[in-house]
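Since the structure comes first, as structure tokens, the remarks are kept for the end.
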Amino acid sequence: MTINETQDELISDFELFDDWESKYEFIIDLGKQFPPLEEQYKTEDNIIKGCQSRVWLNAYMDGGLLKFEADSDAIIVRGLVSMLVKVLSGHTPEEIAKADVYFMEKVGLHQHLAQTRSNGLAAMLKQMKAYGFAYQAKSVNA
């Protein structure tokens, strides 16, 4: 699936719920289902700066595709992280760097999350796109 197809699928998932309490429960369920990050990757270098909770993000190349693994010590944040990983992981660095990540706005996350959570979500996205730019530059200079 393309990045936009995955985003559209997430938007459709959120449209199944009538109220924000149900949507929060959905995000929490995503967090519970999200595989934990191996302890060896829970390092200071992998912590996302700007998040209220502790969030770790590990990025690596696999056959020309940039993949992400992540975790958080807060279950709702794990759910938020899981959506970003689902949307961006497994694409080329160029696709990730250029991606227009619109699902958060379309489902209303910014309006319904606390400011600190919203800022943290933006910091996660910024770091993932930074990895896209960095790995893209590496492949150009290789």
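Note that the numbering used here gives residue 918 to position 19 of the sequence shown, counting from 1, and the numbers run on in steps of one. Cβ atoms here follow ideal geometry from the backbone N, Cα and C, with glycine treated the same way.
Residue of the options minimising C-alpha distance to residue i
i	options	result
ARG977	VAL986, SER952, ALA998, LEU964	SER952
VAL984	ALA1036, ASP917, GLU968	GLU968
GLU924	ASP944, GLY962, ILE975	ILE975
LEU929	ASP970, ILE946, LEU964	ASP970
PHE933	LYS1005, ASN945, ASP972, ASN1018	ASP972
GLN1035	ILE902, GLU993, LEU987, TRP919	GLU993
HIS1011	SER911, ASP907, ILE926, ASN903	ILE926
LEU956	SER1038, VAL1006, MET1027, GLY1031	MET1027
ILE995	LEU1024, MET1003, ASN945, GLU1004	LEU1024
ASP912	ALA1022, LEU987, LYS1005	LYS1005
Counterpart residues of residue i in DSSP-defined beta bridges
i	result
LYS966	TYR959
HIS1011	Answer is none; HIS1011 lacks a bridge partner.
SER971	VAL954
Residue i in three-state terms, based on DSSP
i	result
SER952	coil
SER988	coil
ILE947	coil
THR905	helix
MET900	coil
GLU937	coil
LEU915	coil
VAL980	helix
Outcome for residue i when other beta-carbon atoms lying within 10 angstroms are tallied against a minimum of 16
i	result
MET900	exposed
SER981	buried
LYS922	buried
Short CB-CB distance (under 8 Å) between residue i and chain C
i	result
ASN957	Among the protein chains of the structure shown there is no chain C, as only one such chain exists.
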